[in-house]
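Following: one structure in C-alpha cells, then a few remarks.
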Amino acid sequence: MNLQSKLYQMIISRLDGDRICEHEYQDSIADLVREGIGGFIIFGGNKGELTPFIERLQSIAAIPLFIASDIERGVGQQVKGYTDFPCQMAVRAAVNRDEPVDMALLREAVKAVGLEAIDAGINMPLIPVLDVNSNPDNPIICTRSFSDDPEDVAFFGAEYIRVLEGLNLISCAKHFPGHGDTSTDSHISLPVIKKSYDELLKFDARPFAEAVKTGVSSIMAGHLLIPSVDDSNPSSLSKKIITGMLRSELGFNGLIMTDALNMSAISGIENAVAKCLNAGVDILLHPSDAGQTVTELSEAVRLNLLSEKTIDTAMDRILKTKQRLSQIKRVEIDLPRHAGISSRITEMSVTLIPAAGGQVLHSGILVKCQNARPAPFGVSLMIAGEEEWCDKILWTSRLGPELISGTQVMTGEEIVIIAIFTKVAAWRGSAGIDDKSGKQITGLIKNAGTSIVISFGSPYILSHFSDADILIAAYDVNVNAQEAVIRCLKGEEQFRGRLPVNLS
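For the sequence shown, the positions run 336 to 839 when this note's numbering is used.
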C-alpha cells in the first residue's frame, strides 16, 4: 500500500443512508472506497435499501470496510425497519443484576441488537457508552449512560461487550476517559474535566478498565480537556491520555478511534488530525472531508510532523482487526420477537419515585379517581418539553392554555398528570426544560389536588418537582415508553424500575 492508501484506510467517513438512492451520492461514496477508505459511519436509511448498498461497497473494497453506527438504542435508532430499543439508562433501571431472569433478558436484548446490526451490514456497533453520568446537567450523555455509579456502568458495559464480541462484532466503548462529569456538549465547545489523574482512574476510567479486561475491540476517545493530565491538548489529541493512560496504564492494545472530528470541541486546532495519530489514535472518525484530511496528513508527513512508522503501527492494528470481519455470520432475524424484548425491558424500567414525605400512592390510582375532571383515565394532562413530540403523544386530552397560564382557577381537587418530554441530542446544549415551563409546572403542582409528574427522558428533571405527589421516570420518549407508563398507571403492570441515578 502506498502512503495515500494507508491514510485513507485510517479514516471512517460519514454515509447518509437517506441519500443512497441518489446516483451522484452513490458514485461519491464508491469513489472513496476505491481510494481505500477504511469504512463508514451510518446515519439514517431504510432496511431494504441500506444492506444491498453496503454489500455493494464491500464487494468493491480491496480491504473489508468497517461499517460503524451509533446504535445505542438499537439499529432502529438509525435505520428504519429495525427495532428501537430502550436507552442504556432504561436498561439499567429495568435489569436487576442479581436476578438470573433479568440478566438473561438483557443478554437477549443485546444479542438482538447485534443480529440486527449484522443484518444491516454494520460490523462496528459504536456501543456501549461507558461514561459515568455524575453531572445532572450533562447535555449530551445523560440517559445514554447506564448510571452515575461506576461499578454499575462497568458491569453493564462488560455484559454488552461480551455479547457483541461473541457475535464477532467490533464493539466500541466510549468516550474515554469519561464524558459524564461535564455540563458542556463537546459538539458545541470543549468540555473541561476538573479531576486529578487518580480521580479519573478510580471513577471515570473504571468502566473502561473493565472493558479492556472483558475484551473490547475498540475504544473511542472523547474530546475533553483534562488540565490535571494535559493542559495543552484535548484527550483525543493527548499522548499523555491516549498512550500514557489508555495504552500503558490500562493495557489496551486494540483499536483507538477519535470521537467525530467535525465537532466544535477541536475546531481551530492546527494539525489536529496529525496530533491525534501522534497521540496513539488509529482511526479518525467522521472528518468533514476525507480527501482533505488525507491531504493534511500527507503534508504532515512531508514536514516530518507525522512519521510513517506511526502510520504503520496504526495500520497493523486496523488490518489485524479487519481479519475478524470474515467471521461474522448473518442469520435470519425475528423482528417481532425483538420488538417484544424491547417492550418488556421498557415496561420493566418505569420507575415510581417516593414523594417528598415518603408516601407512595399505589399503582392503579387513576382507575380509582372517579370524581376528577374528564380526561384520559379521569385526569387532566399537560404536555411540556419537546414540541416535536406533542403530535406523537398517545394521550389526547391536554390542559388548555388558560390553565397553563393560570387564568383558570383550579379547585384543589383535580388530579393533574404533567408529562415532560426531553431528549439528548447533539448540538442542543441542554437535556432539560426552560425556566418558564418549570415555573408553570410548579404552579400546577401547588394548586392540584393530586399531581403526577412523569419524565419521558432525563430523570434529573424530576428533582425540580419534589413537591409532586407522584414522580415517575420513564427514560425514553417513544411509544413503547408511553404505553408502558399507561399500563403502570392503570394498575395493569407494576412499577418495577430502580432509579439508576441520585436525584438528591
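Cβ coordinates follow ideal geometry from the N, Cα and C atoms, glycine included.
- Scanning its chain for C-beta atoms nearer than 6 Å, with the 5 sequence neighbours on each side dropped, one finds around Met650 the residues Lys341, in chain order.
- The three-state secondary structure of His358, taken from DSSP, is helix.
- Nearest to Asn588 by C-alpha distance, out of Arg427, Glu634, Thr648 and Asp770, is Thr648.
- At a cut-off of 3 residues, the continuous stretches assigned as beta strand (DSSP E) that sit fully inside the stretch 480 to 532 are 507 to 511.
- Contact between Leu385 and Ile355 holds, since their C-beta atoms are separated by about 7 Å, short of 8 Å.
- No Cβ-Cβ contact shorter than 8 Å links Leu596 with Leu581.
- Look at the beta carbons and you see the stretch 527 to 540 not touching the stretch 491 to 504: under three pairs across the two are nearer than 8 Å.
- Bridge pairing for Pro460: Ser404 [DSSP].
- When secondary structure is reduced to three states using DSSP, Thr549 falls in the helix class.
- Just so you know, the alpha carbons of Ile406 and Ile576 end up roughly 26 Å apart.
- A straight line joining the alpha-carbon of Ala783 with that of Ser524 spans about 41 Å.
- Runs of the alpha helix (DSSP H) lying entirely within the stretch 779 to 827, each at least 4 residues long, are 814 to 824 in chain order.
- Between the beta-carbon of Ser521 and that of His514 there is about 7 Å, and that keeps the pair under the 8 Å contact cut.
- Taking a cut-off of 8 Å for Cβ pairs, the stretch 667 to 677 and the stretch 817 to 833 do not touch, as fewer than three such pairs fall below it.
- Rounded to the nearest whole angstrom, the C-alpha separation of Asn470 and Gly492 is 19 Å.
- With distances taken between CA atoms, Leu797 lies nearest to Thr686 out of Pro512, Val410, Thr686 and Ile604.
- The Cβ atoms of Val464 and Lys530 lie no closer than 8 Å to each other.
- When DSSP states are grouped into helix, strand and coil, Val564 belongs to the coil group.
- A Cβ-Cβ distance of about 6 Å is found for the pair Glu631 and Val608, placing them in contact under the 8 Å criterion.
- Per the Cβ contact rule, the stretch 652 to 666 is not in contact with the stretch 783 to 793 (fewer than 3 Cβ pairs under 8 Å).
- Linking Ala428 to Glu359 through their CA atoms gives a straight-line distance of about 45 Å.
- Judged by beta-carbon spacing, Gln393 lies within the 8 Å limit of Pro399, meaning their Cβ atoms are closer than that value.
- Secondary structure at Arg679: helix, using DSSP grouped into helix, strand and coil.
- Judged by their CB atoms, Leu572 and Ile528 are not nearer to each other than the 8 Å cut-off.
- Counting only the Cα atoms, Leu461 lies some 14 Å from Glu451.
- Per DSSP, reduced to three states, the secondary structure at Ser394 is helical.
- Residue burial is scored here from C-beta neighbours: Ile395 has fewer than 16 other C-beta atoms within 10 angstroms and is therefore classed as exposed.
- Annotated as proximal: Asn468 and Val836, with beta-carbon spacing under 8 Å.
- Straight-line spacing of the CA atoms in Ile807 and Met683 works out to 13 Å.
- Inclusion of Gly383 and Gly416 in the CB contact set at 8 Å is warranted, their separation being smaller than that value.
- A straight line joining the alpha-carbon of Ile453 with that of Arg833 spans about 32 Å.
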